[in-house]
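Notes to accompany the following structure.
Residue numbers (our numbering): 35 to 320.
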């Protein structure tokens, strides 16, 4: 029986997992608070794992404040790298399955096609570099782990682009959104569902997979589609990245190739527009 510790359970992706537990009644899930399990403190992880006989960890905890990371390098690395080392130590010691998540931001080459799992990464900015440092620790581990890179995560939970657009649409200010950064949106519940499938079909060696929903867009068109489906009459003003300066650099094109996970699990991710419709239904209907 899988006894699964989900770290970061109160975050966006963690809440997606919480809402899927009924799909796996034969598994026992644990969603401790940060006070109970602080992944930056290895003692709390070891104690919880032993107390609850955990044999699987899904790590959704992460430092994800892209711009703030430029001012908080030590905090970003503590969560995105050092804490990964802690989980790997506990995982190896207890012969556990572990799922980790990373980001499309580790790619910054503006590749015309898809970024595949074996492509060279080129992280820019503290957030991306801290995630890449965590990836390096995972790939060096000498027991089987799974690393899933994803992009443009949205869901009915936590803070994300879709919820931000819905909120900003209520103001009288022009809704200016960049139109020269390209990627593939990912619906959190879809990501959580395929993650559980990977636990069922756990590899015998370290593996990296990419997952996003189908389709490529830019932030401006993503915003337009959100308002269109939400039936909100608000104009989106497309602008260039140069006119929307941020502390941390963003990839201009970070589209993830998902053919590996499609072949491995025999799945076909649904279009992001369809997933967006489900998300809005949950948000608007409550």
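We put the beta carbon where it would ideally sit given N, CA and C, even for glycine.
How is the beta strand (DSSP E) around residue 136 delimited, first residue to last?
Here the beta strand (DSSP E) through residue 136 covers 131-137.
Could you name each continuous beta strand (DSSP E) segment of 3 residues or more that falls completely within the segment 86-168, going from the start of the chain to the end?
For the segment 86-168, whole beta strand (DSSP E) runs of length 3 or above, ordered along the chain, are 90-93, 131-137.
Should residue 77 go down as buried or exposed, given a rule of 16 or more other Cβ atoms within 10 Å for buried?
Burial call: exposed.
Cβ of residue 232 within 8 Å of Cβ of residue 133?
Their beta carbons are under 8 Å apart, which means residue 232 touches residue 133 by this criterion.
Flag this pair as yes or no: are the beta carbons of residue 93 and residue 135 separated by less than 8 Å?
Contact: yes.
I'd like to check one pair, residue 127 with residue 167: are the Cβ atoms closer than 8 Å?
No, they are not a contact pair.
Would you mind reading off the limits of the beta strand (DSSP E) that contains residue 243?
Looking at the DSSP string, the run of the beta strand (DSSP E) that includes residue 243 is 241-244.
Have a look at 141, 225, 188, 85 and flag the residue whose alpha-carbon is nearest the alpha-carbon of residue 54.
Measuring from the Cα of residue 54, the nearest candidate turns out to be 225.
Where does residue 37 sit, in a helix, a strand or coil, going by DSSP?
DSSP places residue 37 in strand when its eight states are reduced to three.
If we count Cβ pairs, one from each stretch, closer than 8 Å, do we get three or more for the segment 154-174 versus the segment 303-311?
Output reads no: the segment 303-311 does not touch the segment 154-174.
Start and end of the alpha helix (DSSP H) containing residue 281?
Taken as a continuous stretch (DSSP letters only), residue 281 belongs to no alpha helix (DSSP H), as it is neither H nor E.
Count Cβ pairs between the segment 50-65 and the segment 100-108 that sit closer than 8 Å; are there 3 or more?
Touching, no, given that fewer than three Cβ pairs across the two stretches are closer than 8 Å.
Look at residue 50 and residue 223 and say whether their C-beta atoms are less than 8 Å apart.
Yes, the Cβ-Cβ distance between residue 50 and residue 223 is below 8 Å.
What's the C-alpha gap between residue 141 and residue 156?
Residue 141 and residue 156: Cα-Cα distance of roughly 5 Å.
Could you spell out the range, first to last residue, of the alpha helix (DSSP H) harbouring residue 290?
Looking at the DSSP string, residue 290 is not in any alpha helix (DSSP H), and its letter there is neither H nor E.
Is DSSP giving residue 183 helix, strand or coil here?
DSSP places residue 183 in strand when its eight states are reduced to three.
To the nearest angstrom, how far is the alpha carbon of residue 121 from that of residue 206?
Rounded to whole angstroms, residue 121 to residue 206 spans 46 Å at the Cα level.
List in chain order: all unbroken alpha helix (DSSP H) runs of 4+ residues lying wholly within the segment 175-219.
Here the runs fully enclosed are 195-202.
Going straight from the alpha carbon of residue 208 to that of residue 65, what length do you get?
Their Cα atoms are separated by approximately 40 Å.
With distances taken from CA atoms, which of 274, 282, 289, 245 is nearest residue 303?
Among 274, 282, 289, 245, the Cα nearest to that of residue 303 is on 245.
Would you decide whether residue 256 is buried or exposed? Buried here means 16 or more other CB atoms lie within 10 Å of its CB.
So residue 256 ends up on the buried side.
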